[in-house]
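Asker: Structure incoming, see below.
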Amino acid sequence: MSHSSRRALGAVAALALLAAPLTACGSDALKRCVPVAAESATPGELVGSYEGAYEADGVRLTLSSGGAMTAEKWPTGDYHRAKLGSTFNGSGTWEIEAATGSRDRALLRLHFTKPALFLQGDTLDQLTIGIDSTRTDLYEDADPDVCPDFRLRHHKP
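Quick note: to get the working numbering, add 10 to the position in the sequence shown (first position is 1).
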């Protein structure tokens with residue numbers, strides 16, 4: 011193998027290592043940053059406390075049986091930042107929307123009743139549900155080719 015061929019292979023390997031964290035949450039060879047999006051989930055699988063990471067650092071979400079929820083340090087939508095600041099504490103209800111023909115993943119929908127300012131879409135109110143054999147995550151799946159920055163992990167007591 012020539013010197014230039016070895017150098018080219020070395021450059022390709024270095025680029026692959028640098029790009030790995032940017033792609034689709036990892037691959038089969040690497041552990042995914044979040045579980046694969048679920049097509050369905052049951053309330054029993056989601057009830058409990060969630061703690062945030064990355065852009066969601068400090069965020070807590072509690073989903074109770076019966077559909078009640080509370081959120082701490084939840085991101086405020088652009089329209090409400092002047093009134094509430096960058097985050098708020100709130101409560102309301104939650105529900106699961108199973109995958110549909112046009113959407114291949116289940117969503118967790120949050121309906122804030124406190125503070126009473128919010129309408130659907132005024133803040134982050136839908137999250138992708140990811141479940142695998144060891145973890146349950148809720149995350150904003152804006153780009154499936156990039157590991158989500160806003161993610162919540164189910165806290166096991």
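We treat Cβ as the ideally placed atom computed from N, Cα and C, and that holds for glycine.
For residue 45, does the three-state DSSP call read helix, strand or coil?
Answerer: In the structure shown, residue 45 sits in coil (DSSP, three-state: anything other than H, G, I, E or B).
Asker: Less than 8 Å between C-beta atoms, sequence neighbours within five positions excluded: which residues of the same chain meet that for residue 119?
Answerer: Excluding positions up to five away in sequence, the list reads 104, 105, 106, 107, 135 and 136.
Asker: Report the residue from 69, 66, 45 and 78 whose alpha carbon sits nearest the alpha carbon of residue 53.
Answerer: When only C-alpha atoms are compared, the closest one is 78.
Asker: Which one or two residues does DSSP pair with residue 120 in a beta bridge?
Answerer: Paired residue(s): 104.
Asker: Can you tell me the Cα-Cα spacing of residue 72 and residue 101, whole angstroms?
Answerer: Computed Cα separation, rounded: 9 Å.
Asker: So with Cβ pairs under 8 Å, would you call residue 120 a contact of chain B?
Answerer: In the structure shown, chain B cannot be found, because there is only a single protein chain.
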